[in-house]
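Shown next, in C-alpha cells, is the structure this report addresses.
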Amino acid sequence: MAANYRFIGKRTPRKDAREIVTGSAAFLGDLKMHNLLHGKVLRSPYPHAFIKKVDKSKALALPGVKAVLTYEDAPDWRGGTPRVFRVLDRRVRFVGDAVALVAATTESIAEEACGFIDVEYEVLPPVLDMEEAQNESAPQLYEEFPRNVVTPGAPFLGPKNLKEVVMGDVREGFEEADVITEGTCGYENIPNPIPPEPPGAIGLWEEPNSVTLWITNQNPSMDKILLWHIMGRKVELRTIGGYCGGSYGSKQMSWLIQCHAALLSRATGRPVKLVYTKEEQLAAFVLRPAGRMKTRVGMKKDGTVTAVAGTWLIDTGYYTMMTQSQIAVGCGEVQIAVHCPNWDLKPVIVCTNRSASGSVRGFGGQELKCALIPLLSLAMEKLNLDPFEVLKKNFVKPGEGYYWRDGIWYTYRGVDYSAAMDKGAETFGWKEKWKGWLTPTAVKGAKRIGIGVGAHGNADIGEDASEAHLRLQPDGTAMLFSCLTEHGTGQTTNLLKMVAETLQLPLERVSLSPSDSLINPYEFGPVGSRGTYAIGSSIISAAEDALKKLFELAAPMLDADPGELETIDGMIFSRRKPEKKIPWKAAMGVDRTIIGYGRFEPDYSLTNCMMTFVEVEVDTETGKVKLLRVVNATDAGRIIDPQGLEGQMNGCLGAAGIDTAIFEETILDRSTGHIVNANMIDYKWRTFSELPAIDNVVLETPFPTHRFHAVGVGEVATSPGPSATLMAVSNAVGTWLHEYPLTPDKVLRALGKTEDPRKRGSQ
Amino acid sequence: MARKSASSVKQKDLQRRSISLTVNGKVHELEVGTRPDQVDPSHTLAFTLRETLGLTGTKIACDGGACGCCTVLMDGKAVLSCMMLTIECDGKSVTTIEGLSDARGELDPLQQAFIDETAFQCGFCTPGIIMSAKWLLGENPSPTEEEVKEALSGNFCRCISHYHVVRAVLAASGKLR
Chain A
45 MAANYRFIGK
55 RTPRKDAREI
65 VTGSAAFLGD
75 LKMHNLLHGK
85 VLRSPYPHAF
95 IKKVDKSKAL
105 ALPGVKAVLT
115 YEDAPDWRGG
125 TPRVFRVLDR
135 RVRFVGDAVA
145 LVAATTESIA
155 EEACGFIDVE
165 YEVLPPVLDM
175 EEAQNESAPQ
185 LYEEFPRNVV
195 TPGAPFLGPK
205 NLKEVVMGDV
215 REGFEEADVI
225 TEGTCGYENI
235 PNPIPPEPPG
245 AIGLWEEPNS
255 VTLWITNQNP
265 SMDKILLWHI
275 MGRKVELRTI
285 GGYCGGSYGS
295 KQMSWLIQCH
305 AALLSRATGR
315 PVKLVYTKEE
325 QLAAFVLRPA
335 GRMKTRVGMK
345 KDGTVTAVAG
355 TWLIDTGYYT
365 MMTQSQIAVG
375 CGEVQIAVHC
385 PNWDLKPVIV
395 CTNRSASGSV
405 RGFGGQELKC
415 ALIPLLSLAM
425 EKLNLDPFEV
435 LKKNFVKPGE
445 GYYWRDGIWY
455 TYRGVDYSAA
465 MDKGAETFGW
475 KEKWKGWLTP
485 TAVKGAKRIG
495 IGVGAHGNAD
505 IGEDASEAHL
515 RLQPDGTAML
525 FSCLTEHGTG
535 QTTNLLKMVA
545 ETLQLPLERV
555 SLSPSDSLIN
565 PYEFGPVGSR
575 GTYAIGSSII
585 SAAEDALKKL
595 FELAAPMLDA
605 DPGELETIDG
615 MIFSRRKPEK
625 KIPWKAAMGV
635 DRTIIGYGRF
645 EPDYSLTNCM
655 MTFVEVEVDT
665 ETGKVKLLRV
675 VNATDAGRII
685 DPQGLEGQMN
695 GCLGAAGIDT
705 AIFEETILDR
715 STGHIVNANM
725 IDYKWRTFSE
735 LPAIDNVVLE
745 TPFPTHRFHA
755 VGVGEVATSP
765 GPSATLMAVS
775 NAVGTWLHEY
785 PLTPDKVLRA
795 LGKTEDPRKR
805 GSQ
Chain B
1135 MARKSASSVK
1145 QKDLQRRSIS
1155 LTVNGKVHEL
1165 EVGTRPDQVD
1175 PSHTLAFTLR
1185 ETLGLTGTKI
1195 ACDGGACGCC
1205 TVLMDGKAVL
1215 SCMMLTIECD
1225 GKSVTTIEGL
1235 SDARGELDPL
1245 QQAFIDETAF
1255 QCGFCTPGII
1265 MSAKWLLGEN
1275 PSPTEEEVKE
1285 ALSGNFCRCI
1295 SHYHVVRAVL
1305 AASGKLR
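These protein sequence lines map, in sequence, to chains A and B. Sequential numbering from 45 applies to the first sequence in our numbering. Sequential numbering from 1135 applies to the second sequence in our numbering.
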C-alpha cells in the first residue's frame, strides 16, 4: 500500500546543494584560522628500522619552524586493537611510517624542515608476505604479536565478539555433500578508496588538557571517543566535523593524523593543520585489508551448501585498529549470504611491513566474499548449477538466522529478497544469457562476452546506538541535533526529510545542528548502511517526542485530547474539528522551545541485500577486460531519496568496488616495501569516458523498521561486484581466474598466451 | 604541496615585481615576493586562488594534474590551476566556481542543473567538474552524451556521480528539455 508522503521518496534538492555547486561548502582545507601553523610528517624510507639517532637542530634553526617532534617528545599514546601502536615510535614499520613531525608557519617551510632532520637508522629486515610473516624466523613487528599474528577479537563488540565461523559438524557436512571442492582465492590487491579530499585534521591544544579537533570524517562523536582512549583518558576532547570530501570508510582511521595535529599544537600553543598530500594518502594512509582464503566446500546437487572449512588469512599491514571488527562483521555477513549448517572457517590476522589496512566500504564482508564466492563457484561448476539460483537460494530468508558480530544468534525478520533478485535477473536477462560455467555468452572475433553474479548483505543497518534531540521553535521551525557530517551519501538531507515528514513542515523550515561533539548527543555516525534505520529511528523518535509535548500544550487551547491533534506547516488542529487551527507559537508562547529526545537501540535482526550482475567483454588479443553492463538489485523497503539512492548504487564502480576486479590495485614492491603507484596517474581509476551501462532495480517492500519502513543499502553497493566480475571473466575466458585485479597480463596468462614472469613473493 | 619547480620559468617572469590577474572580473595587482600576501615564484595558480585570494571553491586534490579538481577557466579555456605558476599568468583572466553565479547570487543554469539532478555526492570534485562542463558548453553548446563524457574524462569523481553529471550537463545544454 503506497503511503502518501510529502518528502519521502520524492526528488528533493539536497539541503547543501547550493553550497556545493557554488564552491562555498567549506571542507577542512578551506577553513581559515588565526595563527594557524602547518604540519608535515617526516617519513621513513625503510620498511623496517630502528631510529638510532635524530638531530633536529638544523630543522629547528630554519626561520618559521615552530616545533619538531620525534618519539622522544611524544607521550605514550597508543592506538590500535589491542592498543599497542604508539603515535610516534622508535621503531618504524613501513615505508612512510612517521619519524618526526614538524610545525611551521607555512606548508612549504614545514616540508623544507623535514629535509633538515638528520636521522640515523638501524635498518631491520622487513616481512612483506602474510604467510612468510608467520614463520618462526620472520622479522617480528611487535613484541606483543609472536609470529606477527595479531590478537584476535574486537572487545568493543562485546564479550562474545565473533572471531570465526564455527558451528555444526563439518565432517558430517562433507559426508552429506554430493561434491567437495577445494581451492585458494585471494583478494590481495589492497586497493585504495581514494576520497578526492585527502585525510587531515586541525588540532588546537589548550592547557592543561583540552583539545579541539576540526576533522574530516563520517562521525565526530566516534572520533572523540576513540581519541579519548588513545590519549590516555586524560584529555578533554571536542571534535568538529564539516563537509567531508569522500571517505568510503577510510577516514574513520584518521586517529593518527588527529593525534599528530594535537601533539604539534601542544608543542606550539597554536592551531596546527595537518593535511596529507595525495602521495601520502596513497602510500601512508590506510588501505583495504588483504585476504587469502584456502577453503573446502561441500555442496549438494540442489545447491545446498553442506560444509565450509578452511582458513582466511588477513594481512593488516603494520597496524590494526578495525581489522578484528571487520572480521567479526565479515563472519556475520557470510552467514547471511551463504546458508550452511556446518562451518569451520578460521581467520588469522597478521602484521606485515606495509601501510596499514583500515576500513573501506564493504568492511570485511567484501574482502571475505570476494575470496569465498569464487571457491563456492568451483562446487557449482562441478554440479552444473546456475550461480544466480544458488546465491538466491542461500541468501538468508525470514525465520533463518546468523551469529552476528557480537557472537549472538539472530533470527532474520525482514523481507525475502528473492523477489528483488528475480527482478534483477530479469532486467539483466540472466536466464537468456547464462550458457553454463566457463562458457562465454557470445564470441565476436577475438572478443568474448561473459557474465557473473554476486550477492552481499549486511545486518549493520541496525548496528550500534544513536541519539538525537529535536528542538521545536515557536516560529514553526525545527532544528535536529545529531552529530552528523555529510560525506556524500546525502544522508543529512534524507534524515531532515524524515524530520520534515514527521513534523509535516516544509523542508526549508528544518535544519541541522553543527557537526560538533560538544552540543550533540551520542551518535555512532552515518557509517555502513545504518543511517536510514538506526539514525532514522532515533530522529523520528525525537520528532515524535517533541510533537507529543507540543500537543500537550496545545490540547487545552483546542479543547481536545492531545492524541487527536495533528500539525501541518506549523499549524495545530484536531482531527475532530480541523477548521480550528492555532500556530505553534500560540501553543508554545514566544519564550519556549520544546526538546524531543530519541534513541535507537541496536537491532541485528534485519539485513540489507545487494545482488550485482555484470557483463564483461574480454579481448583475447590484448587481455583487456571491458565492463559492459551492471545491474544492481535490492529492496530498500521505502526509497527516501531516489536520486541519492541511485548515486549510492552507481558507487558500485568506484571507491574500491567493482574496479578492484579489473584494474584497481596498490602495487607494493615486495623487495623494498615501497608502493610504486602512489599517484593518481599510475593508480588506475575509471574515467567519464569508460562508463558501463548501469541499471538499478529497487523494490519497496515495507520493512519492520520505523514509520517509513525503510532500510539503508548504500554501503554495500561496492561489495558483490568484484567476485561477480571474476566470475564473468572466468566464464568469458573459459578457465578459472582466482586473482584480483584481472589486468591484461593475468588474462593473457590464463589464455596461455604468456608465461608468468613473476616469482612468488617478488610481485 | 603547492610548489612547483621554478626552473622552467622564463627569466623575465622571475624578475617581475608584480603581476596583474583578473579573477571573476576583478583585477588583482599581486606583488611578487615571499610575504603571505605576495606571490612566490613557486606558487601555483591554485595556491594563489585559494590561499592568497581566499577563493577556496577551487579544490586541490592530487596537485599533480591528474584529477581535474582544480579546473578553472583561463581566458575562457579550461585549465588545471595546480599545473600553472601564478607568475606566468600575468594579464590573464580567470573564472573560478565563485564567478559563475552573478552578483545577485543568481546561479548559472549549469549550477542549477547540478542541483536539480543531484549531480554530486560528496561534492569535493564538483567545482572542477562544473568548470570543465562550463568550458565544454562554451565551445559546444549542444554536445552529445559522448562529447560530454569525453570533455569530463579528466575529472576524477570517486563517489560515482558521473551518470547524474552527464544528465545535468545535457539538461543545461537543453538536450533533456
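Cβ atoms here follow ideal geometry from the backbone N, Cα and C, with glycine treated the same way. All values reported here derive from a predicted model rather than from experimental measurement.
Between the segment 555-568 of chain A and the segment 312-325 of chain A, the count of Cβ pairs shorter than 8 Å is below three; the stretches do not touch. Excluding five sequence positions before and after Thr798 (chain A), the CB atoms of its chain that fall closer than 6 Å to its own CB belong to Leu792, given in chain order. In this structure, Leu549 (chain A) and Asp613 (chain A) form a Cβ contact; the two beta carbons are roughly 7 Å apart against a cut-off of 8 Å.
Taking all protein chains shown into account, Gly1272 (chain B) has fewer than 16 neighbouring C-beta atoms within 10 Å of its C-beta and is therefore exposed.
It is roughly 7 Å from the alpha-carbon of Ile358 (chain A) to the alpha-carbon of Pro333 (chain A).
In the structure shown, Met343 (chain A) falls within a strand segment according to DSSP collapsed to helix, strand and coil. Counting only Cβ-Cβ distances below 9 Å, Lys1283 (chain B) has contacts in chain A at Thr731, Phe732, Ser733, Glu734 and Leu735, in chain order. Setting aside the 5 residues that flank it on each side, Pro385 (chain A) is surrounded in the same chain by Met211, Gly212, Gly217 and Thr350, each with a C-beta closer than 8 Å to its C-beta; the list follows chain order. Remark: C-beta atoms of Gly1202 (chain B) and Ser1266 (chain B) approach each other more closely than 8 Å. For the segment 444-526 of chain A, the full-length alpha helix (DSSP H) segments reaching 4 residues or more read 462-472 and 474-477 along the chain. Restricting attention to A:Ala509, A:Val497, A:Val279 and A:Ser649, the CA atom closest to the CA of Ser767 (chain A) is found in A:Val497. Selection A:Asp117, A:Met655 and A:Thr769 evaluated against Asn438 (chain A) yields A:Met655 as nearest (Cα-Cα). About 6 Å separates the beta carbon of Val352 (chain A) from that of Leu389 (chain A), a gap short enough to meet the 8 Å contact definition. Linking Ile706 (chain A) to Asp99 (chain A) through their CA atoms gives a straight-line distance of about 46 Å. If you check the CB distance, Cys527 (chain A) and Tyr784 (chain A) do not come in under 8 Å.
Two segments are said to touch when three or more pairs of C-beta atoms, one from each, lie closer than 8 Å; by this definition the segment 366-373 of chain A does not touch the segment 227-243 of chain A.
The beta carbon of Lys295 (chain A) sits no closer than 8 Å to any beta carbon of chain B. When secondary structure is reduced to three states using DSSP, Glu659 (chain A) falls in the strand class.
If only uninterrupted alpha helix (DSSP H) runs of at least 4 residues are considered, those enclosed by the segment 381-434 of chain A are 409-426.
DSSP places Lys59 (chain A) in no beta strand (DSSP E); its state is neither H nor E. In this structure, Leu308 (chain A) lies away from Ala590 (chain A), with their beta-carbon atoms at least 8 Å apart.
The DSSP-derived three-state label of Ser1287 (chain B) is coil.
At least 8 Å separates the beta-carbon of Gly247 (chain A) from that of Pro169 (chain A).
For Glu280 (chain A), the enclosing beta strand (DSSP E) stretches over residues Glu280 to Ile284. In this chain, the beta strand (DSSP E) harbouring Asn676 (chain A) covers Val669 to Asp679. Excluding sequence positions up to five before and after Val440 (chain A), its CB lies within less than 6 Å of the CB of Ile380 and Tyr456, all in the same chain and listed in chain order.
Proximity of Pro57 (chain A) to chain B, defined by a Cβ-Cβ separation below 8 Å, is satisfied. Judged by DSSP in its simplified three-state form, Asp789 (chain A) adopts helix. Under the 10 Å beta carbon count, His78 (chain A) is surrounded by fewer than 16 other beta carbons and is classified as exposed.
Under the three-state reduction of DSSP output, Phe1181 (chain B) falls in the helix class.
For Glu220 (chain A), not one C-beta of chain B is nearer than 8 Å to its own C-beta. DSSP places Thr367 (chain A) within a helical segment (H, G or I) once states are collapsed to three. Here Asn253 (chain A) is not near Gln296 (chain A), since their CB atoms are 8 Å or more apart. Between the alpha carbons of Glu709 (chain A) and Asp173 (chain A) lies a distance of about 16 Å.
Within chain B, no C-beta atom comes nearer than 9 Å to that of Gly354 (chain A); the closest sits roughly 34 Å away.
Using a CB distance below 8 Å, the part of the segment 1201-1229 of chain B facing chain A consists of Cys1201 and Cys1203, ordered along the chain.
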